[in-house]
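Input: a single structure, listed below in structure tokens.
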Amino acid sequence: MHIGLMISAAALAVAPAAMAQKADWRNAGAIGTGDAAALFMVDASSVTVVSGDVRQVLTATHFAQPRQFDSGVRYTAIRIAYNFDCRANTFQAQNANVWDGEKLVLSGGSPRAVNPVNADSPVAAVARAVCSGNFAALPRIRAATPNLEGLAHFGQ
1 MHIGLMISAA
11 ALAVAPAAMA
21 QKADWRNAGA
31 IGTGDAAALF
41 MVDASSVTVV
51 SGDVRQVLTA
61 THFAQPRQFD
71 SGVRYTAIRI
81 AYNFDCRANT
91 FQAQNANVWD
101 GEKLVLSGGS
111 PRAVNPVNAD
121 SPVAAVARAV
131 CSGNFAALPR
141 IRAATPNLEG
151 LAHFGQ
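In terms of this note's numbering, the sequence shown opens at residue 1 and continues consecutively.
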């Protein structure tokens, strides 16, 4: 999963019914290594049916080290709404919110390119859970928010 894909997407688009539910954040796994590492999480309560075999879900990616856009805006995490086409085994970033800690610093964007799900990636674990409705293989985060989970995970 490339940071360009995550950054160029942006603003949260989760159905109002899903937003009314209490979040159920799950740990979907680590991405990258060292300073480029990130923790990928998914909110199991946010899954909505878009149409037919397409499901939307909210994810959060917390980075091991703060990052910065060319504009100077600093960020530590990105929350992206992804559509998963369960039949085609593809996913597409719809939009995202960019965070610095618990502060929203940027939102906006539009749907990005459709990508195949890589079977060996944390995205595949999310796709399996979203399409089956079974999140048992993804442990609940221990902290109150994805940001706090990311801080704990990276010892910050």
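Glycine residues also receive a C-beta, built at the ideal position from the N, C-alpha and C atoms.
| query | result |
| --- | --- |
| V49 (DSSP reduced to helix, strand or coil) | strand |
| Own chain residues within Cβ distance below 6 Å of A152, not counting five before or after | A143 |
| Buried versus exposed call for D43 [16 or more other C-beta atoms within 10 Å across all chains shown] | buried |
| Straight-line Cα distance separating Q68 from E102 | 16 Å |
| Nearest neighbour of N97, chosen from N147, G32, P116, G133 [CA to CA] | N147 |
| Backbone secondary structure at D24 - three-state DSSP | coil |
| Proximity of P122 and A28 at Cβ, strictly below 8 Å | yes |
| Bridge partners - F63, DSSP secondary structure assignment | A38 |
| Burial state of Q65, where buried means 16 or more other Cβ atoms lie within 10 Å | exposed |
| CB of N83 within 8 Å of CB of V47, strictly | no |
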